[in-house]
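Take a look at the structure below.
2 protein chains.
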Amino acid sequence: VQLPTKATHRQTREHNTRLVLRTLSEAGRVSRADIARRTRLTRTTVSDVVAGLMDVGLVEEVGRGPSSGGKAPILLRIPPDARHVIGLDLGEGAFAGALVDLRGDVRREIRVPLEGRDGEEALTVVHDLVAKLMRTATSPLLGIGVGTPGIVDTRSGTIRWAVNLDWQDLPLARLLTERHGLPAVVANDSRAAALAAYTFAPGSRGRDLVAIKVGRGVGAGIVLRGELLLGDGSSAGEIGHVRVVEDGRRCRCGNVGCLETIASAAGIVAVAGQLAARTPGCTLARAADAGTLDLDQVRAAWAADDPAATTAVLEAGRALGRVIAGLEGVLDIHRIVLHGSVTAFGARWLEAVRAEAHGHTLPTRGNGVEISLVDLDADLVLLGASAMLMTSQLGMGLAR
Amino acid sequence: VQLPTKATHRQTREHNTRLVLRTLSEAGRVSRADIARRTRLTRTTVSDVVAGLMDVGLVEEVGRGPSSGGKAPILLRIPPDARHVIGLDLGEGAFAGALVDLRGDVRREIRVPLEGRDGEEALTVVHDLVAKLMRTATSPLLGIGVGTPGIVDTRSGTIRWAVNLDWQDLPLARLLTERHGLPAVVANDSRAAALAAYTFAPGSRGRDLVAIKVGRGVGAGIVLRGELLLGDGSSAGEIGHVRVVEDGRRCRCGNVGCLETIASAAGIVAVAGQLAARTPGCTLARAADAGTLDLDQVRAAWAADDPAATTAVLEAGRALGRVIAGLEGVLDIHRIVLHGSVTAFGARWLEAVRAEAHGHTLPTRGNGVEISLVDLDADLVLLGASAMLMTSQLGMGLAR
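Sequence lines, in order, name chains A and B.
Under my numbering, the first residue of the first sequence carries the number 1, and numbering increases by one thereafter.
Under my numbering, the first residue of the second sequence carries the number 1001, and numbering increases by one thereafter.
This is the structure:
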């Protein structure tokens, strides 16, 4: 199809601008000539695009680089505060929001406990959080990036189904844009976190990875060739609902025996409670009976070598390990990182995951797979969601 | 890093040539101006590259297209016989080789029964097959594309491990190039077939797919964003070794209970034989006892509603379905196609696969997944391997 000449020119211009920004965000400080080499654009085109970006403050000159014979070239960079992004993590029990700069540094963060609110009330919390952050912004805002549990159609910004928040077919991106006048991107939390782990976890940049969130739910984000895998139905990485027990307990999804019924925080609490009930009088049994058993109590019991807690946690690790083996059989990605509240069970739980994953993998490659905890003191969901917004608006990842 | 100017120019030239060829192979007949628009290269560059390609016979002019006002543009295409490729399928029981044109049409095919040969002897069969095809070639040969069972490091062209052929760390690509003076590409058969299914299966072009070969072994090829997923350890898609039975039979890989022990041709034969042994005297039991039971006999028994064959085949289908559900949980690719000798069990087997896959998938998306047999009377492995060779040499897929 032949496009009208004008549209073609505008599209080419936008394409080139995004290409230049991506190159700058990946390379840090580079000269115009370097950008031309990396992008295969002509020097004239690069100078043109750079001039446009300098006009809007997205590029600045920062001195001269080493000379390769002739005159030392002027270096360019993206000023981190040229724009800020509002990042949201609609997490377990609390929503977090932050102003994030173009380098991925959190400049201000707010947490609001949910206290059981869901549906419309939870949506109000989101709007209030955004409004509060907008009032304190010190740089022009690029938009809103949201990470949320549930099945999310990222292409349309719609939350198909987030069972804990009682949201169904909620067009959150559109609602945020209408209310606050900013572009918005909405992604599943596990996926957003995977993107952040890819960018920030030491030694991982440029290597494909699977980041698995093991918390209230269990979900994976898969980064292949530097890009998030979305899936035809927007649910790639939904490993929490792979069946691991043929006659297992009913899952909130409607099926039985899903990985989440055993390996998630709620699954561990339920299994530990059931097991403890066989030895009435023990602390866990009493709490389970009263319906107050929670993950912290199971963690305390686990630390004290309580048998019910030990069995529940190790079986949780093994079930996760088996599903990781299946995932490895499909993807053959050697870097798997785990995060989320369940990872607090630490080394013994991790060993159970690893042993089972390796034992169920082709002997010729089991050893190549590296399963580790994310060693980062940062809100991966919030950072990943911010990065997705930057990519959608500027065509670039975080400018590290 | 600043490359020497000359190398940069040569690389740019090669990059542009591949870009133009890819555009031509995807678009069929196009004008120079169209190529410029699609590739974002300047018209001068395109004319330059096209002139070079016409010199070596890879592009020809084929009349004029519709005018959009001015002079009707000259259309270009890749002549299908400009080059031929030798494609090999080192299949089960027989090796097949063919001369394939640039459109993917098989121009001449030879099949050589293996008759139990493996190791060095099987390698000799490969060399003889190539030599015979080279003698009958009527177009310049571009190279050799090989699809083989086993774990293959496609980047280096080495077969890491092909148990039935008794090949281990065999640098087949290098050996073929040394002997025959042609570039060679070696890929796992399931993957090569997936690429061919992506190109040839009706309605699938441009849609991600998983193609699962269910024959002597069970393996998947995954096409994501138009590209084969290879995996960090070159074994993406090796789903045959996902454990499906905790205390199952020993697999040839060394583990126990792998999908292959139940769902492959050999697995079905073994399970049917075991079950039949419980009713001594029946045909299957006698054949199993004599060690002569094969897939054809099980197929005949299945057609006659023999209980042992029925149970073995349906359980094979269900086990495959469960692994497909796990794969869906990870990839969320909605198009799954099955091929290989086991698919001959037909509709009832396929129904068992589908029912189990859907029953183990998130209720919200089970229905979106389409599992079907490849409806093509072609050697997918051979065609896919040829396509990979074309991509490596010319940067283009098959010119459909």
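The beta-carbon is built from N, C-alpha and C at its ideal position, and this holds for glycine as well.
Remember, predicted model here, so these are calculated numbers, not experimental data.
Identity of the residues DSSP links to V101 (chain A) by a beta bridge: For the purposes of this step, residue 101 (chain A) is taken as residue 101 along the first sequence, with counting starting at 1. Reading off the sequence shown, one finds Asp at residue 101 (chain A), where the question assumed Val. According to DSSP, which records beta bridges pairwise, D101 (chain A) is partnered with A:H84.
Contact with chain A by H1241 (chain B), beta-carbon distance below 9 Å: Counting from one through the second sequence, the residue named residue 1241 (chain B) turns up at place 241. Answer yes: the Cβ-Cβ gap between H1241 (chain B) and chain A drops below 9 Å somewhere.
Neighbour list for V49 (chain A) in chain B, Cβ cutoff strictly below 9 Å: Position 49 of the first sequence, counted from the start, is the residue given in the question as residue 49 (chain A). Correct list: empty, because the minimum Cβ distance to chain B is about 14 Å.
H180 (chain A) - containing alpha helix (DSSP H), residue span: For the purposes of this step, residue 180 (chain A) is taken as the residue at position 180 of the first sequence. From DSSP, the alpha helix (DSSP H) with H180 (chain A) extends over 172-180.
Boundaries of the beta strand (DSSP E) in which E1060 (chain B) is found, first to last residue: Against the second sequence, residue 1060 (chain B) aligns to sequence position 60. Taken as a continuous stretch (DSSP letters only), the beta strand (DSSP E) holding E1060 (chain B) covers 1060-1064.
Closest Cα partner of L123 (chain A) within the set A:G321, A:L175, A:A288: Stepping through the first sequence from its first residue, residue 123 (chain A) is reached at position 123. Out of A:G321, A:L175, A:A288, A:L175 has the C-alpha closest to the C-alpha of L123 (chain A).
Through-space distance from T23 (chain A) to V330 (chain A), alpha-carbon basis: For the purposes of this step, residue 330 (chain A) is taken as the residue at position 330 of the first sequence. For the purposes of this step, residue 23 (chain A) is taken as the residue at position 23 of the first sequence. Each residue's alpha carbon lies about 32 Å from the other.
Beta carbon proximity, D232 (chain A) to chain B, threshold 9 Å: By one-based count along the first sequence, residue 232 (chain A) stands at place 232. It does: the Cβ of D232 (chain A) has a partner Cβ on chain B nearer than 9 Å.
As assigned by DSSP and simplified to three states, the class of A1184 (chain B): Along the second sequence, one-based indexing puts residue 1184 (chain B) at 184. If DSSP states are grouped into helix, strand and coil, A1184 (chain B) belongs with the strands.
Per DSSP, cross-strand counterpart(s) of D1089 (chain B): Counted from its first residue, the second sequence places residue 1089 (chain B) at position 89. Paired residue(s): B:A1096, B:G1147.
Contacts around Q1002 (chain B), its chain only, beta-carbon distance under 8 Å, and the 5 residues preceding and following it disregarded: Indexing the second sequence from 1 puts residue 1002 (chain B) at position 2. Reliability fails at Q1002 (chain B), whose pLDDT of 41 lies under 50, so the model's placement of it is uncertain and no value is given.
Beta carbon proximity, S190 (chain A) to chain B, threshold 9 Å: Counting from one through the first sequence, the residue named residue 190 (chain A) turns up at place 190. So, not an interface residue.
Test: D169 (chain A) CB closer than 9 Å to a CB of chain B: Walking along the first sequence from the start, residue 169 (chain A) turns up at place 169. Not one chain B Cβ lies under 9 Å of D169 (chain A).
Cβ-based burial, D1289 (chain B) [other Cβ within 10 Å; buried from 16]: Against the second sequence, residue 1289 (chain B) aligns to sequence position 289. Answer is exposed; the Cβ neighbour count stays below 16.
Under 9 Å between C-beta atoms of L1388 (chain B) and L1142 (chain B): For the purposes of this step, residue 1388 (chain B) is taken as residue 388 along the second sequence, with counting starting at 1. For the purposes of this step, residue 1142 (chain B) is taken as residue 142 along the second sequence, with counting starting at 1. The amino acid occupying residue 1388 (chain B) in the given sequence is Met; Leu does not appear at that position. In this structure, L1142 (chain B) does not lie closer than 9 Å to M1388 (chain B) by Cβ.
Chain B contact residues for H339 (chain A), given Cβ-Cβ distances below 9 Å: Position 339 of the first sequence, counting from 1, holds the residue named residue 339 (chain A). The premise fails here: H339 (chain A) is roughly 18 Å from chain B at the closest Cβ pair, so nothing lies under 9 Å.
Own chain, CB closer than 7 Å to P1140 (chain B), minus 5 neighbours either side, in chain order: Residue numbering aside, residue 1140 (chain B) sits at position 140 when the second sequence is read from its first letter. Excluding residues within five positions, the ones whose Cβ falls inside 7 Å are R1083.
Contact check, G1267 (chain B) vs A1287 (chain B), beta carbons under 9 Å: Against the second sequence, residue 1267 (chain B) aligns to sequence position 267. Against the second sequence, residue 1287 (chain B) aligns to sequence position 287. Not closer than 9 Å, so no.
Positions along the region 1202-1226 of chain B whose CB lies within less than 9 Å of some CB in chain A: R1207, D1208, V1210, A1220, I1222, L1224, R1225
Min CB distance D153 (chain A) to chain B below 9 Å: Mapped onto the first sequence, residue 153 (chain A) falls at position 153. Chain B contact via Cβ: absent.
Candidates B:V1185, B:I1222, B:D1232, B:V1125: closest to R209 (chain A) by CA position: Against the first sequence, residue 209 (chain A) aligns to sequence position 209. Residue 209 (chain A) is actually Leu in this sequence, not Arg. Closest by alpha carbon: B:D1232.
A36 (chain A) - DSSP class collapsed to helix/strand/coil: As a first step, residue 36 (chain A) is located in the first sequence; it is residue number 36 there, counting from the start. Reduced to three states, the DSSP call for A36 (chain A) is helix.
Residue span of the alpha helix (DSSP H) that contains G1120 (chain B), given as start and end: The residue given as residue 1120 (chain B) occupies position 120 in the second sequence. The sequence shown places Glu at residue 1120 (chain B), not Gly. Counting along the chain, the alpha helix (DSSP H) containing E1120 (chain B) begins and ends at 1119-1135.
Under the three-state DSSP convention, the category E1370 (chain B) falls into: On the second sequence, residue 1370 (chain B) is found 370 positions in, with the first residue counted as 1. Three-state result, E1370 (chain B): strand.
Close-in-space but distant-in-sequence residues of the same chain around A270 (chain A) (CB under 8 Å, 5 per side omitted): Here residue 270 (chain A) refers to the residue found at position 270 of the first sequence. Cβ within range, chain order: R249, T261.
Close Cβ partners of P73 (chain A) (< 8 Å) along its chain, the five nearest in sequence each way excluded: Taking the first residue of the first sequence as 1, we reach residue 73 (chain A) at position 73. S31, R32, A33, D34, R64, G65, S67, listed in sequence order.
S1235 (chain B) at chain A interface by Cβ criterion, 9 Å: Position 235 of the second sequence, counted from the start, is the residue given in the question as residue 1235 (chain B). Closer than 9 Å: yes.
Nearest-angstrom Cα separation, counted from R335 (chain A) out to A162 (chain A): On the first sequence, position 162 is the one that residue 162 (chain A) refers to. On the first sequence, position 335 is the one that residue 335 (chain A) refers to. A162 (chain A) and R335 (chain A): Cα-Cα distance of roughly 28 Å.
Three-way DSSP call (helix, strand, coil) for S1156 (chain B) in this model: On the second sequence, position 156 is the one that residue 1156 (chain B) refers to. Three-state DSSP puts S1156 (chain B) in coil, outside helix and strand.
Nearest-angstrom beta carbon gap, N164 (chain A) and R216 (chain A) [assumed within contact, 8 Å]: Walking along the first sequence from the start, residue 216 (chain A) turns up at place 216. Walking along the first sequence from the start, residue 164 (chain A) turns up at place 164. With a beta-carbon spacing of about 7 Å, R216 (chain A) and N164 (chain A) fall inside the 8 Å limit used to define contacts.
Inter-stretch contact (C-beta, 8 Å, three-pair minimum) for the region 148-162 of chain A and the region 292-300 of chain A: no
Against chain A: residues of the region 1316-1332 of chain B by CB proximity under 8 Å: Across the region 1316-1332 of chain B, CB contacts with chain A closer than 8 Å involve R1322, V1323, A1325, G1326, L1327, G1329, V1330, L1331, D1332, in sequence order along the chain.
Beta-carbon proximity check, T1283 (chain B) vs E1328 (chain B), cutoff 9 Å: For the purposes of this step, residue 1283 (chain B) is taken as the residue at position 283 of the second sequence. For the purposes of this step, residue 1328 (chain B) is taken as the residue at position 328 of the second sequence. No.
Neighbour list for G368 (chain A) in chain B, Cβ cutoff strictly below 9 Å: Residue mapping note: residue 368 (chain A) aligns to position 368 of the first sequence, counting from 1. Simply D1232, G1233.
Enclosing beta strand (DSSP E) for P73 (chain A) [first to last residue]: Taking the first residue of the first sequence as 1, we reach residue 73 (chain A) at position 73. Element bounds for P73 (chain A): n/a, residue is neither H nor E.
Sub-9 Å separation of A137 (chain A) and L99 (chain A) beta-carbons: Here residue 137 (chain A) corresponds to residue number 137 of the first sequence, with the count starting at 1. Here residue 99 (chain A) corresponds to residue number 99 of the first sequence, with the count starting at 1. In contact: A137 (chain A) and L99 (chain A) (Cβ atoms closer than 9 Å).
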